[in-house]
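Working notes, beginning with the structure itself.
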Amino acid sequence: MTTGAQSPYPARPRRSRLRTLLPLGVAAWLVLEIWLLTVVAGASSGLVVFLILLAGIVLGSYVIKRAGRRAFRNLTETVQQQQGGGPVTPGARTDGEGNGLTMLGGLLIVLPGLISDALGLLLLVPPVQMAVSRYAERTFERKLREAAAQSPLGDAFAQARMRHPDGKVVQGEVIRDEPGSGGPEGPRPPLTK
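Heads up: the sequence shown begins at 4 in our numbering, then just goes up one per residue.
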């Protein structure tokens, strides 16, 4: 018998495509990495695979350490410029660009596997870093615009504005006080001292 009454349990929201496919992608990547390592071990020897993995750990650690030192040096220079009263010149530090992608490349090299090593080495190439950085920036800005357009507060801000004839926009709230009525608290003190 259907009564039209609603279920006491709320409907589950749909899972995003990323949350559905990401575990499958990670599992497929791990299987592919293990298979590739066994193929290399079968073609050469287990010692070669061990040396490749060890070299990846050493090289990746070096890359991460170098990028971290460069980021810390840039941070120190920026703080010293701000404390000295001089203007901060963000455009002058071209060597500091891409520290995050360099660290990501080092992390991929440290992870055991040949595919992750190849992706990590690819991220260390400056033109690839610039292309990935631009793509990530465009994607982030697009997602931010979409989130702002779907925000329930977007309309509230537009409705709360009051326009003056001279074009100035004043946001605020109007409070009307009747003369002589102090209300329960008494008269309000002046806003300026």
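By construction, the Cβ of each residue, glycine as well, lies at the ideal position given by its N, Cα and C atoms. The model shown is predicted, which means the values in this text are computed figures rather than measured ones.
Membership of P130 in the alpha helix (DSSP H) is indicated by the continuous run 129-153. Put simply, of T105, Y65, V52 the residue whose alpha carbon is nearest the alpha carbon of P130 is T105. Annotation: P16 to L78 spans about 42 Å, alpha carbon to alpha carbon.
In the same chain as L125, and ignoring 5 residues on each side of it, the C-beta atoms closer than 7 Å to its own belong to V131, in chain order. Ranking G108, G49, L117 by CA distance to the CA of G123 puts G108 first. In this structure V52 is buried. Its beta-carbon is surrounded by 16 or more other beta-carbon atoms within 10 angstroms.
Judged by beta-carbon spacing, V113 lies within the 9 Å limit of S64, meaning their Cβ atoms are closer than that value. Looking only at E140, L62, L147, T23, the smallest Cα-Cα distance to A121 is reached by L62. In the three-state reduction of the DSSP assignment, A74 falls in the helix class. By the neighbour-count criterion, in which a residue is buried when 16 or more other Cβ atoms sit within 10 angstroms of its Cβ, L111 is buried. DSSP places L24 within a helical segment (H, G or I) once states are collapsed to three. Taking every protein chain shown into account, the CB of A152 has fewer than 16 other CB atoms within 10 angstroms, so this residue is exposed. Non-local beta-carbon contacts of L117 in its own chain, meaning distances under 6 Å to residues more than five positions away in sequence, involve L39 in chain order.
Looking from the CA of V135, the closest CA among N102, L54, Q85, L56 belongs to N102. For I118, the uninterrupted alpha helix (DSSP H) segment begins and ends at 117-126. Collapsing the DSSP output to three states places L33 in a helix.
Going by beta carbons, V43 and I55 fall inside the 9 Å limit.
Taking the Cα positions, R69 is about 11 Å away from R76.
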